Each structure stands twice: as C-alpha cells, then as structure tokens.
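Visitor: Chains A and B, in that order, give the protein sequences. Per this note's numbering, residue 1 is the first one in the first sequence, and the count goes up by one each step. Per this note's numbering, residue 136 is the first one in the second sequence, and the count goes up by one each step. Where is the CB? At the ideal position from N, CA and C, for every residue including glycine. If you're wondering where the values come from, they're calculated on a predicted model, not measured in any experiment.
There are 2 protein chains.
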Amino acid sequence: MLKLSKKTEYAFMAARYLALNNSGHCSTAKEIAENYDISRELVAKVLQNFARSDIAASFQGVKGGYVLKKNPEEVSLFDIILSVEDKHHLTNCLSEDNPDEKCSHEDGCKIRDPLIEIQKRIDNLFLETSLKQIL
Amino acid sequence: MLKLSKKTEYAFMAARYLALNNSGHCSTAKEIAENYDISRELVAKVLQNFARSDIAASFQGVKGGYVLKKNPEEVSLFDIILSVEDKHHLTNCLSEDNPDEKCSHEDGCKIRDPLIEIQKRIDNLFLETSLKQIL
DNA sequence: TTGATATAAGACTAATTTAATCTTATTTAT
DNA sequence: ATAAATAAGATTAAATTAGTCTTATATCAA
Numbered sequence: 001m002l003k004l005s006k007k008t009e010y011a012f013m014a015a016r017y018l019a020l021n022n023s024g025h026c027s028t029a030k031e032i033a034e035n036y037d038i039s040r041e042l043v044a045k046v047l048q049n050f051a052r053s054d055i056a057a058s059f060q061g062v063k064g065g066y067v068l069k070k071n072p073e074e075v076s077l078f079d080i081i082l083s084v085e086d087k088h089h090l091t092n093c094l095s096e097d098n099p100d101e102k103c104s105h106e107d108g109c110k111i112r113d114p115l116i117e118i119q120k121r122i123d124n125l126f127l128e129t130s131l132k133q134i135l
Numbered sequence: 136m137l138k139l140s141k142k143t144e145y146a147f148m149a150a151r152y153l154a155l156n157n158s159g160h161c162s163t164a165k166e167i168a169e170n171y172d173i174s175r176e177l178v179a180k181v182l183q184n185f186a187r188s189d190i191a192a193s194f195q196g197v198k199g200g201y202v203l204k205k206n207p208e209e210v211s212l213f214d215i216i217l218s219v220e221d222k223h224h225l226t227n228c229l230s231e232d233n234p235d236e237k238c239s240h241e242d243g244c245k246i247r248d249p250l251i252e253i254q255k256r257i258d259n260l261f262l263e264t265s266l267k268q269i270l
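1) Are the stretch 78-86 of chain A and the stretch 111-119 of chain A touching, with three or more C-beta to C-beta distances below 8 angstroms?
2) Please report whether the beta-carbon of P207 of chain B lies at a distance below 7 angstroms from any beta-carbon of chain A.
3) Taking the straight line between their C-alpha atoms, what separation do you get for V219 of chain B and L127 of chain A?
4) Return helix, strand or coil for V202 of chain B, following the three-state DSSP convention.
5) Assuming the contact rule is C-beta atoms closer than 8 angstroms, A14 of chain A and L68 of chain A should be a hit. Round their C-beta distance to whole Å, please.
6) According to the Cβ coordinates, are L260 of chain B and R121 of chain A closer than 7 angstroms?
7) Distance, Cα to Cα, I269 of chain B vs D221 of chain B?
8) Give the secondary structure of S23 of chain A by DSSP, where H, G and I count as helix, E and B as strand, and everything else as coil.
9) Do you know whose CA, among B:N157, B:T143 and B:K138, lies nearest A192 of chain B's CA?
10) Leaving out five residues before and five after Y36 of chain A in sequence, what residues of the same chain have Cβ atoms less than 7 angstroms from its Cβ?
11) Does the beta carbon of F78 of chain A sit closer than 7 angstroms to a beta carbon anywhere in chain B?
12) For my contact list, L47 of chain A and Y66 of chain A are in at a C-beta cut-off of 8 angstroms; report their separation, rounded to the angstrom.
13) S83 of chain A by DSSP, collapsed to three states: which one?
14) Which residues of chain B have a Cβ atom closer than 8 angstroms to the Cβ of R40 of chain A, listed in chain order?
15) Answer yes or no: do A51 of chain A and A29 of chain A have a C-beta to C-beta separation smaller than 7 angstroms?
16) With 16 other CB atoms within 10 Å as the buried threshold, where does N184 of chain B fall?
17) Please return the same chain residues whose Cβ sits closer than 7 angstroms to the Cβ of I38 of chain A, not counting the five positions on each side in sequence.
18) By Cβ distance, which residues of its chain are closer than 8 angstroms to S53 of chain A, with the 5 residues on each side in sequence left out?
19) Counting only Cβ pairs nearer than 8 angstroms, list the residues of chain B close to F50 of chain A.
20) With a cut-off of 7 angstroms, does the C-beta of R247 of chain B fall near any C-beta of chain A?
21) Who are the near neighbours of S130 of chain A in its chain, counting only those whose CB is closer than 6 angstroms to its CB and skipping five residues on each side?
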C-alpha cells in the first residue's frame, strides 16, 4: 500500500481549486464538489480542516465559503496532509502516541530507527513540494 | 496514513532475521514467528513471497526452511516491499492497472503528475536502503 | 423577520482493506 | 510410517476509510 487517503487527495484538489480561484472570490464546498464530482460533505470537512489549520479563511452564511489564507508557494503538500490527516506515519510504532522505544515486538524488532529516518525523508518530499507546484 | 502494512513490517523483520542467521542454517517460519512473537502463518506467507521473488531459497520437508539467496547489501527495502505487497502506490490512479490518463475525476484532478514524481522519489528512498542497513 | 444558503461539528452507516486463521496438499528427513 | 516443514488458497475477523445524515448556527437579501 503506502497510499494517500481519498481525504488527502480531495484536500490536494480542493487546495488547488482555492489557489486557482482566489481573486477575491469565496469558494464554497458545493462549488468545489460539483467541479470535481465528489461528495459535498467530504469536501466540506476538508475545508473545515483547512480553516482550523489556518490554510484557508472561512466565511459563514449566504455568500460564505473559503479563501486561501496564504500564497500557494507558502503552503506545502505536507501542510495540507497534516491539516487533514491525523495519522501520517509509516508504522504504528513511529507515531507520537507511542513515544520512544515502545514497539509491540519488544526489543525483537530493530527496524524502527531506519524507518524513522526514511519517514523523515518522505515527509521532506511533501514539505519541499508547494501547492504552487501542483497548479 | 501513508503507512506500511503489517505484512511489510513482518517482511522487514523476517528478512533481517534471515540475514542475521545465514550461516548455512535454514530458518523456519515457526522459528521466526516465535522469535518476534507474531503469527506463524503470516510469517510463512511472507517467506513464500520471498521464495517466489528470489530473495530467499526454500527447502521443504523436515529440516526445511529458508535461507537468503543474496547478500544483505544486494537486497533493497524496495525489493522486500515489492515481494510482499501488490499495491504500493500513493494513489489509485497511479497504479498500473489504471494506465495513463485514467483518473476517476476525469480531467478535473490535475494532481496526478506531481504525485507520480513524488512516488518515484519515495520508491527511491526504499530502493537506496539495503537490508544490510537495517541489521 | 423569514427563507435560503452557507459553514460547523459530530454521529452514524456502509464499504473496503488488512490481518489473522483455517484447511488441505505436498515434500522430506528420520 | 511419522513428524515437521513448505505451498497455496479459502475463510473469517478486525480495523480502517469513505460516505451519509442530522442538528445547530451564521448571514445575506427579499
């Protein structure tokens, strides 16, 4: 596997849409969902996440919606993933709720450290790629 | 997410075990499973995959088991992942059974190309890391 | 002030994927 | 012959992910 979730895919798409339509105009979840033919509710959740993590500003009510809060070159794909995904770790024993040496296979499994290194380098790939680069 | 499957974790562990115990000695699935306290059947499947993809040689019958067929520095983590995992793609539209331009979001989603690039670079990280490096 | 259209957020259900187990067959050393 | 191993596929169970539904709140405009 090692697959991005649909939520992350939708997040990339929604962020891209916001970036391309940021001329003072407020984009709604409905608008984006219809544009890509995906679930309105899922897009809405993605956008709510964006608002929470300060990627986008939200406006409620009629004429409400979302606008990007940063320049596309200032938003990394990593920011977007983090905004939308709670777990983003290669293995369970690499996650923060499982700090330090804790591995379900006791000290039998010694693959943790090299994987931490690879994890960092993968994160960096997404960190180095900005939203601007996918427009 | 973007998580390795347990199968892949087990594969790394099993490969590591084989590499550390390759002094003419045949390692069995049972032995490895007990050593790491994981399911015997799952380890068996991993080892069968290793045999099919020529990472290990298998010997049947009593006194049977598996031995690494290559030097640890000649086996990459990517080889191991490929051996054990059928899908190893960042997104569904990146998989081979979905060639070329086919994306469920028609031409609406334009994130495919940059993701192909990131996919390649992730693959490279695993390709550049050899089994020897996790011993 | 009411109705229409948004976001906000959480509960719930459905679908898919992954993990684990079970079963049967075959091989081979003793 | 028997015990211990691989081989391979079927089946079940568990976990995760995707998608939907519901209720509440905000805001614009007639």
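Guide: This is what the structure gives:
1) In short, these stretches do not touch, since the Cβ pair count stays below three.
2) Working through the second sequence from its first residue, we reach residue 207 of chain B at position 72. Taking CB atoms only, P207 of chain B has no neighbour in chain A less than 7 angstroms away.
3) The residue you call residue 219 of chain B lines up with position 84 of the second sequence. The residue you call residue 127 of chain A lines up with position 127 of the first sequence. Taking the CA atoms as reference points, V219 of chain B sits about 29 angstroms from L127 of chain A.
4) Numbered from 1 along the second sequence, position 67 holds the residue referred to as residue 202 of chain B. Shown here, V202 of chain B sits in a strand according to DSSP, grouped into three states.
5) To locate residue 14 of chain A, count along the first sequence from 1; it is residue 14. To locate residue 68 of chain A, count along the first sequence from 1; it is residue 68. L68 of chain A and A14 of chain A do not touch by the CB rule: their CB atoms are close to 10 angstroms apart, not below 8 angstroms.
6) For the purposes of this step, residue 260 of chain B is taken as the residue at position 125 of the second sequence. For the purposes of this step, residue 121 of chain A is taken as the residue at position 121 of the first sequence. Against a cut-off of 7 angstroms, the Cβ pair of R121 of chain A and L260 of chain B comes out as a contact.
7) Taking the second sequence and counting its residues from 1, one reaches residue 269 of chain B at position 134. Taking the second sequence and counting its residues from 1, one reaches residue 221 of chain B at position 86. About 23 angstroms.
8) Residue numbering aside, residue 23 of chain A sits at position 23 when the first sequence is read from its first letter. In this structure, S23 of chain A counts as coil in the three-state DSSP scheme.
9) For the purposes of this step, residue 192 of chain B is taken as the residue at position 57 of the second sequence. Closest in C-alpha terms to A192 of chain B, from the list B:N157, B:T143 and B:K138, comes B:N157.
10) If you number the first sequence from 1, residue 36 of chain A lands on position 36. Excluding sequence neighbours, Y36 of chain A sits near M13.
11) Here residue 78 of chain A refers to the residue found at position 78 of the first sequence. No, F78 of chain A lies away from the interface with chain B (no Cβ there is under 7 angstroms from its Cβ).
12) The residue you call residue 47 of chain A lines up with position 47 of the first sequence. The residue you call residue 66 of chain A lines up with position 66 of the first sequence. About 5 angstroms separates the beta carbons of L47 of chain A and Y66 of chain A, which is inside the 8 angstroms limit, making them a contact pair.
13) Translated into the one-based positions of the first sequence, residue 83 of chain A becomes position 83. Under the three-state reduction of DSSP output, S83 of chain A falls in the helix class.
14) Taking the first residue of the first sequence as 1, we reach residue 40 of chain A at position 40. Here the premise fails: no neighbours, minimum Cβ distance about 14 angstroms.
15) The sequence position of residue 51 of chain A within the first sequence is 51, counting from 1. The sequence position of residue 29 of chain A within the first sequence is 29, counting from 1. A distance of 7 angstroms or more separates the beta carbons of A51 of chain A and A29 of chain A.
16) On the second sequence, position 49 is the one that residue 184 of chain B refers to. N184 of chain B counts as buried, since at least 16 other C-beta atoms from the protein chains shown sit within 10 angstroms of its C-beta.
17) Taking the first residue of the first sequence as 1, we reach residue 38 of chain A at position 38. For I38 of chain A, where only same-chain residues beyond five positions count, the Cβ hits under 7 angstroms are Y10.
18) Here residue 53 of chain A refers to the residue found at position 53 of the first sequence. Non-local C-beta neighbours of S53 of chain A in its own chain, meaning closer than 8 angstroms and more than five positions away in sequence, comprise D79, L82 and S83, ordered along the chain.
19) As a first step, residue 50 of chain A is located in the first sequence; it is residue number 50 there, counting from the start. Those within 8 angstroms of F50 of chain A in chain B number zero; the least Cβ separation is about 16 angstroms.
20) Numbered from 1 along the second sequence, position 112 holds the residue referred to as residue 247 of chain B. Residue-level contact by beta carbon fails for R247 of chain B and chain A, as no gap is shorter than 7 angstroms.
21) The residue labelled residue 130 of chain A in the question sits at position 130 within the first sequence. Taken in chain order, the residues that qualify are E73 and S76.
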